[in-house]
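What follows is one structure encoded as structure tokens, with my remarks underneath.
Protein chains: 2
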Amino acid sequence: MQEAFKLALLGEGLTSPNPSVGAVIVKNGGIIGKGYHKKAGAPHAEIEAIEDAKRHGYSVSGSTLYVTLEPCTCWGKTPPCSLRIIEEKISRVVAGSPDPNPKNKPRAMEIFRAQGIDFSWEILPEAIFLNRGFYHWIVTGTPWVIGKMAMAIDGSFSAGIGDEKWISGLPARTVAHKLRMVSDGILIGAQTARHDNPLLTIRHVDKKYKVQPWRAIVSLSGSLPKELFLFTDSFKERTLLFVRVPLEMVLEELGSRTVATLLVEGGKTIFQAFLSKGLMHEVAFFLSPLIIGKAHHTEWSNSMIASKALSSPIPLINPSWEDLKGDIYCHGLLLKGAQFLEEIRNQAINPANV
Amino acid sequence: MQEAFKLALLGEGLTSPNPSVGAVIVKNGGIIGKGYHKKAGAPHAEIEAIEDAKRHGYSVSGSTLYVTLEPCTCWGKTPPCSLRIIEEKISRVVAGSPDPNPKNKPRAMEIFRAQGIDFSWEILPEAIFLNRGFYHWIVTGTPWVIGKMAMAIDGSFSAGIGDEKWISGLPARTVAHKLRMVSDGILIGAQTARHDNPLLTIRHVDKKYKVQPWRAIVSLSGSLPKELFLFTDSFKERTLLFVRVPLEMVLEELGSRTVATLLVEGGKTIFQAFLSKGLMHEVAFFLSPLIIGKAHHTEWSNSMIASKALSSPIPLINPSWEDLKGDIYCHGLLLKGAQFLEEIRNQAINPANV
């Protein structure tokens, strides 16, 4: 299953709104086939693994399939994997995470058991985490929201906190662009757009096959300089301007455009608005070893997006710290995100939900 | 020399305003004596090492002395070590850092060379750093200033940022109290005193022999509740209240009370006032994985201590990050501190200064 997960990671950021999935086929104690889902519309991991085995002259009849996500049972752009698995007489299937796609009725677990195929779970929390965007989008229709903040060690901001002014080192920029790489949309406030004129493109990481994420600007006035890169560069048709639209509706609209993972990149007011409305699932902070001394405050008064003070501190769940050679990276889930992933996990463990 | 430095560390925080010094005596390839300076007034490390060797039946004649600080040449509470070294016919002396105490005229280097004793430097930057308080106090008469800040990961503060409200875990509290352990004075603003009613005592670390640091409060009004712990506890005679005194004069006054290392513990306004006046040498930040969302601002308008905005970001020099099991600790020097330590180092390397 760990081998299958390594394969799944090869599709990270490239399969949306589909999940990233890896599969290996084992027979007589050895791996005879490997595959992963390369992009939406391409064959699923199970099919890739079966074809891989055949290409090498193996019969998959009587084999065990390890797959990081429960096989699909519905007809989409491709035929259901569960059907192929039955046809190929694979005798055992082990899945690393559930697939709550409502189109999968009945689910693979039920179909396989009815067909006498041994089906079991070997839940990989990292596989669930890898596909958090897919899960949230398929269940709710709206994206999983990651908030990103970059600041000085004393908590201060520069005039703008957008693109990469405060992320000094290349290791930190690389991690920041990796966040964009796994996102289908990047959202900023109009203030950040005006101050920083950011590109919101993906750099510093291998972006082969990656589609440019949607670039969303939320604004009160709608009055933004027409010469901003977001309106003029080669990706200008991937820019959306939301004027006086409540954040909940922004998320609905982005979801309808298959944005499964949304990266909120600032400013602070936007970040806090998502936070205080309970619309954020995960946070990523970049801290530079600098002292600014005076925080820059852009106070917005609009009731749609203005932040209210948080009544109590919000703890990060499973916080991790990473030293990025000068800057530090702090990552964690918020309660809402952790609870959602727990529910997904329970869809496998609790038979009542399956 | 590394062995001598380990011994010097045993006196850390206990010898002020004297330096922490370790010494080992080597003869025929083996260590025959060890010693360190235990507290002000007690024998110096060199004497401890000589006595240790004799206690074990060794003659130190013809031996090599490794000592982390250049031996003294003046009469203080104890006779000059250089005299004893000559009397004992030690033939070689290696020093890890210079002693710029103006009373040491001529310095050991000159005296030893005149006496035919082989003297050389083996500079240990960590030994200079260990005694940064001593160095600053002996050269300028004022303390080396360490600024400490505790905050949430998003840069927010609680109503008060004093004692340990925002340092959640024991590992972080232990590091914070270690900072107090190496300090001779702790300074806070009146706001922090009122909000937090802190003790400013040393806890969570072994404090044997440690004298309670002076506790300094800087205030505009001087009106503080008489029932504060700082005015009523068993260390109340170690509390100093400075009303409308410029920070430069506060440092002079603390220096005259042999405060060699001063820890500035907040609040933010006080921290920034030291910073903007260029009176801080070193910073220590504690970050908790929490989001508060709204920063608490106590804006002071007094010209003596009010902070002015910093014209440009201040980089931390040699920043280090440490994961304290949940909280993170960021430590670094400010330019003024780094330059001062470089000057001290040059007092050994540059013969013109010796």
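Residue numbers (full-length UniProt numbering), protein chains in the order written: chain Y, 1 to 354; chain R, 1 to 354.
Heads up, the beta-carbon is just placed ideally off N, CA and C, and yes, glycines get one too.
Within chain R, the residues that residue i reaches when beta carbons sit closer than 7 Å
{"i": "residue 129 (chain Y)", "result": "The premise fails here: residue 129 (chain Y) is roughly 18 Å from chain R at the closest Cβ pair, so nothing lies under 7 Å."}
Assigned exposure category for residue i - 16 Cβ within 10 Å defines buried
{"i": "residue 373 (chain R)", "result": "Because chain R spans 1 through 354 in this model, residue 373 (chain R) falls outside it and cannot be assessed."}
{"i": "residue 190 (chain R)", "result": "buried"}
{"i": "residue 222 (chain Y)", "result": "exposed"}
{"i": "residue 226 (chain Y)", "result": "exposed"}
{"i": "residue 232 (chain R)", "result": "exposed"}
{"i": "residue 75 (chain Y)", "result": "exposed"}
{"i": "residue 305 (chain R)", "result": "Confidence at residue 305 (chain R) is low in this model, with a pLDDT of 36, below 50, so its placement is unreliable and no value can be given for it."}
{"i": "residue 263 (chain Y)", "result": "buried"}
{"i": "residue 161 (chain R)", "result": "The pLDDT assigned to residue 161 (chain R) is 42, lower than 50, so where the model puts this residue is not dependable; a value taken from the coordinates is nonetheless given after this. Residue 161 (chain R) is buried by the Cβ-count criterion."}
{"i": "residue 37 (chain Y)", "result": "buried"}
{"i": "residue 154 (chain R)", "result": "buried"}
{"i": "residue 71 (chain R)", "result": "buried"}
{"i": "residue 318 (chain Y)", "result": "exposed"}
{"i": "residue 80 (chain R)", "result": "buried"}
{"i": "residue 55 (chain R)", "result": "exposed"}
{"i": "residue 10 (chain Y)", "result": "exposed"}
Test item: CB-CB of residue i and residue j under 8 Å
{"i": "residue 274 (chain R)", "j": "residue 280 (chain R)", "result": "yes"}
{"i": "residue 86 (chain R)", "j": "residue 47 (chain R)", "result": "no"}
{"i": "residue 339 (chain Y)", "j": "residue 98 (chain Y)", "result": "no"}
{"i": "residue 179 (chain R)", "j": "residue 1 (chain R)", "result": "no"}
{"i": "residue 91 (chain Y)", "j": "residue 108 (chain Y)", "result": "no"}
{"i": "residue 283 (chain Y)", "j": "residue 200 (chain Y)", "result": "no"}
{"i": "residue 52 (chain Y)", "j": "residue 33 (chain Y)", "result": "yes"}
{"i": "residue 35 (chain R)", "j": "residue 49 (chain R)", "result": "yes"}
{"i": "residue 133 (chain Y)", "j": "residue 188 (chain Y)", "result": "no"}
{"i": "residue 255 (chain Y)", "j": "residue 141 (chain Y)", "result": "yes"}
{"i": "residue 131 (chain R)", "j": "residue 20 (chain R)", "result": "yes"}
{"i": "residue 183 (chain Y)", "j": "residue 261 (chain Y)", "result": "yes"}
{"i": "residue 128 (chain Y)", "j": "residue 341 (chain Y)", "result": "yes"}
{"i": "residue 143 (chain Y)", "j": "residue 251 (chain Y)", "result": "yes"}
{"i": "residue 121 (chain Y)", "j": "residue 95 (chain Y)", "result": "yes"}
{"i": "residue 291 (chain Y)", "j": "residue 100 (chain Y)", "result": "no"}
{"i": "residue 169 (chain Y)", "j": "residue 326 (chain Y)", "result": "yes"}
{"i": "residue 26 (chain R)", "j": "residue 63 (chain R)", "result": "yes"}
{"i": "residue 4 (chain R)", "j": "residue 24 (chain R)", "result": "yes"}
{"i": "residue 259 (chain Y)", "j": "residue 218 (chain Y)", "result": "no"}
{"i": "residue 93 (chain R)", "j": "residue 69 (chain R)", "result": "no"}
{"i": "residue 176 (chain R)", "j": "residue 148 (chain R)", "result": "yes"}
Chain-ordered chain Y contacts of residue i [CB-CB under 7 Å]
{"i": "residue 152 (chain R)", "result": "313"}
{"i": "residue 289 (chain R)", "result": "315, 316, 319, 330, 332"}
{"i": "residue 323 (chain R)", "result": "321"}
Neighbouring residues, chain R, relative to residue i (Cβ below 9 Å)
{"i": "residue 214 (chain Y)", "result": "Per Cβ cutoff of 9 Å: no residues; residue 214 (chain Y) is ~26 Å from chain R at best."}
{"i": "residue 81 (chain Y)", "result": "Ordered by position in chain R, no residue passes the 9 Å Cβ test against residue 81 (chain Y), which lies about 40 Å from the chain."}
Cross-strand partners of residue i (DSSP beta bridge)
{"i": "residue 322 (chain Y)", "result": "Y:329"}
{"i": "residue 282 (chain Y)", "result": "Y:146, Y:333"}
{"i": "residue 41 (chain R)", "result": "Looking at the DSSP assignment, residue 41 (chain R) forms no beta bridge with any residue, so it has no partner."}
{"i": "residue 107 (chain Y)", "result": "Paired residue(s): none; residue 107 (chain Y) is not in a bridge."}
{"i": "residue 67 (chain Y)", "result": "Y:23, Y:95"}
{"i": "residue 31 (chain R)", "result": "R:26"}
{"i": "residue 315 (chain Y)", "result": "R:290"}
{"i": "residue 118 (chain R)", "result": "R:92"}
{"i": "residue 242 (chain R)", "result": "R:218"}
Top-ranked residue by Cα proximity to residue i, from the options
{"i": "residue 328 (chain Y)", "options": "Y:210, Y:348, Y:150", "result": "Y:150"}
{"i": "residue 322 (chain Y)", "options": "Y:116, Y:288, Y:278", "result": "Y:288"}
{"i": "residue 210 (chain R)", "options": "R:61, R:181, R:121, R:318", "result": "R:181"}
{"i": "residue 332 (chain Y)", "options": "Y:315, Y:208, Y:342, Y:326", "result": "Y:315"}
{"i": "residue 243 (chain R)", "options": "R:67, R:73, R:224", "result": "R:224"}
{"i": "residue 253 (chain Y)", "options": "Y:171, Y:24, Y:175, Y:216", "result": "Y:216"}
{"i": "residue 239 (chain R)", "options": "R:213, R:255, R:262, R:248", "result": "R:213"}
{"i": "residue 220 (chain Y)", "options": "Y:192, Y:228, Y:37", "result": "Y:192"}
{"i": "residue 195 (chain R)", "options": "R:230, R:62, R:54, R:88", "result": "R:230"}
{"i": "residue 235 (chain R)", "options": "R:317, R:198, R:137", "result": "R:198"}
{"i": "residue 102 (chain R)", "options": "R:110, R:139, R:84, R:111", "result": "R:139"}
{"i": "residue 78 (chain Y)", "options": "Y:137, Y:45, Y:58", "result": "Y:45"}
{"i": "residue 324 (chain Y)", "options": "Y:249, Y:206, Y:173", "result": "Y:173"}
{"i": "residue 136 (chain R)", "options": "R:89, R:16, R:176, R:57", "result": "R:16"}
{"i": "residue 89 (chain Y)", "options": "Y:104, Y:112, Y:106", "result": "Y:112"}
{"i": "residue 67 (chain Y)", "options": "Y:106, Y:55, Y:6, Y:110", "result": "Y:6"}
Closer than 8 Å at the beta carbon, the chain R residues around residue i
{"i": "residue 326 (chain Y)", "result": "319"}
{"i": "residue 143 (chain Y)", "result": "By Cβ distance, chain R contributes nothing, its closest Cβ being about 20 Å from residue 143 (chain Y), past 8 Å."}
{"i": "residue 285 (chain Y)", "result": "153, 154"}
8 Å Cβ cut-off: residues of chain Y touching residue i
{"i": "residue 1 (chain R)", "result": "Result: empty, since nearest Cβ-Cβ is about 29 Å, beyond 8 Å."}
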